[in-house]
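Below: the structure, in structure tokens.
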Amino acid sequence: CSSQTMLTEFFSMN
Amino acid sequence: MFELRLVQGSLLKKVLESIKDLVNDANFDCSSTGFSLQAMDSSHVALVALLLRSEGFEHYRCDRNLTMGMNLANMAKMLKCAGNDDIITIKADDGTDTVTFMFESPSQDKISDFEMKLMDIDSEHLGIPEAEYEAIIRMPSAEFARICRDLSSIGDTVVISVTKEGVRFSARGDIGAANIVCRQNATVDKPEDATIIEMQEPVTLTFALRYMNSFTKATPLAEQVTISMSSDLPVVVEYKVAGMGYIRYYLAPKIEE
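What follows is the structure, given as structure tokens:
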């Protein structure tokens, strides 16, 4: 089973 | 005052069709560089970044940086009223809360203007660092769209795997499994038909097909698509916009639990 990561885990909020 | 004029107005229509299903409301940033947008989908899994450089427009005037918040479904409704051959002008005066879209027929015998209300949008801008990707695939955009469509009838996710052999797209579901392998093919008559794979390291990543299918709405914009991947990083799916800029989609990978 796989789970969805979010973009905010990779990129910082400006 | 902000004003841009695009003789090939159909490009703007296609750009809107490429982003409106992914994002509901977005801030367009107008600056001397150009007309740009960065917006995430509501679940923060996918992001679209658009840049149309000022030099690409027949006329571009931006006295000061301006952010225009727009509902993309409403903007798409207005742009749908432009003919495919129409010249499109977008205008906004300082201090007003509306934007005007003007459409001129090629023979100048019909001129329409549509005024749309702007909105205040709290946007979350992400800082995306420049990255060296482990694998970069350039392939015909229609072929990529076909693969995503075909695989979504088999499963919900696609595993994209780049090796020396080529790029493999795999899906698995209740009815069975599918594997589509594309090999490098640079010896084609037309460069837009080529598939070029640059690989530093083998990469395998899993993505939700729903988003990939949404990205392929940009297929009419460009003959080729570029897919950039690195282990444990969001994929970048890029379509060039005819010498003016690009639409880039970022999609966070799925990970094994």
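If you're matching them up, the sequences are chains A and B in order. According to this note's numbering, the residues represented by the first sequence are 45 to 58, in order. According to this note's numbering, the residues represented by the second sequence are 985 to 1241, in order. Beta carbons: idealized from backbone N, C-alpha and C, even for Gly.
The residue among B:T1082, B:R1045, B:V1209 with its C-alpha nearest the C-alpha of B:N1058 is B:T1082. Against chain A, the CB of B:T1188 has no partner CB under 8 Å away; the residue lies outside that interface.
Residues of chain A whose Cβ lies closer than 8 Å to the Cβ of B:I1239 are, in chain order, S46, S47, T49. Shown here for B:V1165: same chain residues with a beta carbon closer than 6 Å to its own, the five before and five after excluded, namely G1150, R1152 in chain order. Judged by DSSP secondary structure, B:F1019 falls within the beta strand (DSSP E) whose first and last residues are 1018-1024. Within the same chain, no residue comes within 6 Å of B:P1175 by CB-CB distance, once the 5 residues on both sides are set aside.
At a cut-off of 8 Å between beta-carbon atoms, B:L1193 makes no contact with chain A.
Below 8 Å, too few C-beta pairs join the region 1022-1031 of chain B and the region 1085-1097 of chain B to call them touching: fewer than three.
Contact note: B:P1218 reaches chain A through L51, F54, using a C-beta cutoff of 7 Å and chain order.
In this structure, B:S1154 places its C-beta atom within 8 Å of the C-beta atom of B:V1142.
Of all residues in the region 1007-1032 of chain B, only M1024, S1027, H1028, V1029, A1030, L1031 come within less than 8 Å of chain A when Cβ atoms are compared, listed by chain position. Note that the C-beta distance between B:V1029 and A:M50 is below 8 Å. In the same chain as B:R1232, and ignoring 5 residues on each side of it, the C-beta atoms closer than 6 Å to its own belong to A1033, V1220, E1222, in chain order. C-alpha of B:V1172 to C-alpha of B:L990: approximately 33 Å in a straight line.
Residue pairing for B:S1096: DSSP places it in a beta bridge opposite B:F1087. Ranked by Cα distance from B:M1123, the options B:M1213, B:V1209, B:I1239 are led by B:V1209. Annotation: B:R1037 to B:A1161 spans about 43 Å, alpha carbon to alpha carbon. Remark: fewer than three beta-carbon pairs, one from each stretch, lie closer than 8 Å, so the region 1041-1050 of chain B and the region 1128-1140 of chain B are not flagged as touching. Non-local beta-carbon contacts of B:G1053 in its own chain, meaning distances under 7 Å to residues more than five positions away in sequence, involve D1009, N1011, L1102, M1103, D1104, I1105 in chain order.
Residues are counted here when their Cβ sits less than 9 Å from a Cβ of chain A; for the region 1088-1122 of chain B these are E1108, H1109, L1110, G1111, I1112, P1113, given in chain order.
Distance from the CA of B:G1018 to the CA of B:E1116, rounded to the nearest whole angstrom, comes to 25 Å. Taken through DSSP and simplified to helix, strand or coil, B:D1013 comes out as strand. Distance from the Cα of B:L1035 is smallest, within the candidate group B:G1229, B:L1050, B:Y1234, B:L1235, for B:G1229. Here DSSP, grouped into helix, strand and coil, assigns B:G1111 to strand.
Sequence-distant partners of B:P1204 (beyond 5 residues in either direction) whose C-beta falls short of 7 Å from its own C-beta, in its chain, are K998.
In the structure shown, B:S1002 adopts helical secondary structure according to DSSP, grouped into three states.
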